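Protein chains in written order, with the working numbering: chain A, 1 to 280; chain B, 1001 to 1190.
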């Protein structure tokens, strides 16, 4: 049993998938369907504690800051999902906190133009997470969650190949936890991908920024994954029948399209690093 | 005449004695300094690594070692386990996090003599932004003019153990052992 609990693939695959599904159900039961995606954030925090342990407070390092930022956005997003202030207020509150978290985590590491570019791209990606395309409704949870799944897979895959095992595990855990959320929502959508879901996507961006700025992983490999929302729009143009089959296929095809750029990111990382992982 | 010569020699030796007892400033010789560590890997074996860039200063008082002082700075990015990919991983936030914490430092606080040529060196060791006391068992090997460099040289060996989680380096523990053995060999020149 101990061997299983210590297995990195169990910690970042099966366990967060199950945890994501269970905690999504619990968040739905306790806080309502709009806050159900809080289960994804909770799973991230649980896997963090499992893999890395409790970070110091105040945290001296970016990874510790990431955890406490996760706690803050979990609480904020739950308040926003439960209280349901106007959309503009929800977005502004979430964006402000997530950009502040981004600055807190990576601010000290930005000293060159290349690092500044990474920070700028991360800030834009945070914005896209909080204010996604208006064509994607939070009531289409599979479509709305697809970029989170794709970006987390890209961050996890790129980190696994060339950077940091803990970031790889956290990225893959976020992928699996999002999968756990999706299990509730396909083929029939049940829970909204609300502020908690958007916060989860923003958290993926923060994790990717840490990977890009604090490890030797090739930051450029993460670039293709940023196109996931564009691929989502392409998927929306597919001529699907307007019946039960079409309604079930739309989220599935959108999801599949969104994952393509993530696979490209992993391919770029493989090409740039030779694909050899650390033997630890 | 012979008596005079002996007297002069005694006088010279006596005059030199206080100077020899003074603390003498040395610089760590990077070419003859190794800071190595041993970490257990999943219970299967022990992996040995080292830091390739070490600098420091030593003020050594052979007559009264308690008056000696040592400060050492280690470049964290110089970690080397003879495997490039693992070394990249060791530089990542999982372990030494070199982007945020590029240096490891040690500054002596207390030196106690424990034997004819041994001592306990306690100092503040800083890693990942966390400072904790670290005690090393030190053996004074030799002092004198090196036949190779013609410089006044002192040589020491030191051994110690630290718990990496005390410094916030938690990833992989305890499967990749928490306890790290330190092996330090150094020469310092005047």
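Glycine residues also receive a C-beta, built at the ideal position from the N, C-alpha and C atoms. These numbers come from a predicted model, not from an experiment.
Nearest-angstrom beta carbon gap, residue j and residue i [assumed within contact, 8 Å]
| i | j | result |
| --- | --- | --- |
| residue 1087 of chain B | residue 1098 of chain B | About 10 Å separates the two Cβ atoms, so there is no contact after all. |
| residue 144 of chain A | residue 33 of chain A | 14 Å between Cβ atoms; not a contact. |
| residue 165 of chain A | residue 1094 of chain B | 6 Å |
| residue 1034 of chain B | residue 1185 of chain B | 5 Å |
| residue 1074 of chain B | residue 1121 of chain B | Rounded, the Cβ-Cβ distance is 16 Å, inconsistent with contact. |
| residue 1189 of chain B | residue 1131 of chain B | In fact, because the Cβ distance is near 28 Å, the residues do not count as touching under 8 Å. |
| residue 61 of chain A | residue 195 of chain A | Between residue 195 of chain A and residue 61 of chain A the Cβ distance is about 28 Å, and since that is not below 8 Å, they are no contact. |
| residue 87 of chain A | residue 181 of chain A | About 21 Å separates the two Cβ atoms, so there is no contact after all. |
| residue 31 of chain A | residue 70 of chain A | About 17 Å; that fails the 8 Å criterion. |
Short CB-CB distance (under 8 Å) between residue i and chain B
| i | result |
| --- | --- |
| residue 13 of chain A | no |
| residue 121 of chain A | no |
| residue 1 of chain A | no |
| residue 222 of chain A | no |
| residue 111 of chain A | no |
| residue 214 of chain A | yes |
| residue 60 of chain A | yes |
Distance between residue j and residue i (C-alpha atoms, nearest Å)
| i | j | result |
| --- | --- | --- |
| residue 1113 of chain B | residue 99 of chain A | 55 Å |
| residue 1017 of chain B | residue 1062 of chain B | Confidence in residue 1017 of chain B is poor, its pLDDT being 42 and thus under 50, which makes the residue's placement unreliable; the coordinate value appears in the next sentence. Distance between the alpha carbons of residue 1017 of chain B and residue 1062 of chain B is about 12 Å. |
| residue 268 of chain A | residue 221 of chain A | 5 Å |
| residue 1156 of chain B | residue 1136 of chain B | 11 Å |
| residue 97 of chain A | residue 81 of chain A | 15 Å |
| residue 209 of chain A | residue 73 of chain A | 17 Å |
| residue 214 of chain A | residue 240 of chain A | 44 Å |
| residue 142 of chain A | residue 1162 of chain B | 48 Å |
| residue 1092 of chain B | residue 1110 of chain B | 33 Å |
| residue 1054 of chain B | residue 1167 of chain B | 20 Å |
| residue 1181 of chain B | residue 1126 of chain B | 16 Å |
| residue 1051 of chain B | residue 1081 of chain B | 9 Å |
| residue 50 of chain A | residue 1141 of chain B | 46 Å |
| residue 58 of chain A | residue 1151 of chain B | 48 Å |
| residue 274 of chain A | residue 157 of chain A | 14 Å |
| residue 127 of chain A | residue 95 of chain A | 7 Å |
| residue 294 of chain A | residue 1049 of chain B | The structure shown does not extend to residue 294 of chain A, since chain A is modelled only from 1 through 280, so no value can be given for it. |
| residue 168 of chain A | residue 17 of chain A | 15 Å |
| residue 10 of chain A | residue 276 of chain A | 21 Å |
Contact set for residue i: own chain, Cβ-Cβ below 7 Å, skip 5 residues either direction
| i | result |
| --- | --- |
| residue 1175 of chain B | 1042 |
| residue 1009 of chain B | Because the pLDDT at residue 1009 of chain B is just 44, under 50, the model does not fix this residue reliably, and the value given afterwards should be weighed accordingly. None. |
Interface flag, residue i vs chain A, CB-CB below 8 Å
| i | result |
| --- | --- |
| residue 1094 of chain B | yes |
| residue 1130 of chain B | yes |
| residue 1168 of chain B | yes |
| residue 1110 of chain B | no |
| residue 1097 of chain B | yes |
| residue 1013 of chain B | Here residue 1013 of chain B scores only 43 on pLDDT, less than 50, and its place in the model is too uncertain to base an answer on. |
| residue 1179 of chain B | no |
Residue span of the alpha helix (DSSP H) that contains residue i, given as start and end
| i | result |
| --- | --- |
| residue 2 of chain A | 2 to 6 |
| residue 1154 of chain B | Careful: residue 1154 of chain B lies outside any alpha helix (DSSP H), inside the beta strand (DSSP E) at 1152 to 1163. |
| residue 286 of chain A | Absent from the structure is residue 286 of chain A, since the part of chain A shown begins at 1 and ends at 280. |
Nonlocal neighbours in the same chain, by C-beta distance under 6 Å from residue i, ignoring five residues either side
| i | result |
| --- | --- |
| residue 1101 of chain B | 1128 and 1129 |
| residue 55 of chain A | 64 and 67 |
| residue 1032 of chain B | 1187 |
Element boundaries [beta strand (DSSP E), containing residue i]
| i | result |
| --- | --- |
| residue 22 of chain A | First-last for residue 22 of chain A: 15 to 31, but that is the alpha helix (DSSP H), not the beta strand (DSSP E). |
| residue 1069 of chain B | 1069 to 1075 |
| residue 1091 of chain B | Looking at the DSSP string, residue 1091 of chain B is not in any beta strand (DSSP E); the run it does join, the alpha helix (DSSP H), is 1084 to 1091. |
| residue 1139 of chain B | 1130 to 1145 |
| residue 228 of chain A | Per DSSP, residue 228 of chain A belongs to no beta strand (DSSP E); it is in the alpha helix (DSSP H), 228 to 236. |
| residue 1124 of chain B | 1118 to 1127 |
| residue 1034 of chain B | 1034 to 1041 |
Contacts around residue i, its chain only, beta-carbon distance under 8 Å, and the 5 residues preceding and following it disregarded
| i | result |
| --- | --- |
| residue 204 of chain A | 129, 148, 151, 152, 155, 171 and 174 |
| residue 14 of chain A | 176 |
| residue 131 of chain A | 91 and 95 |
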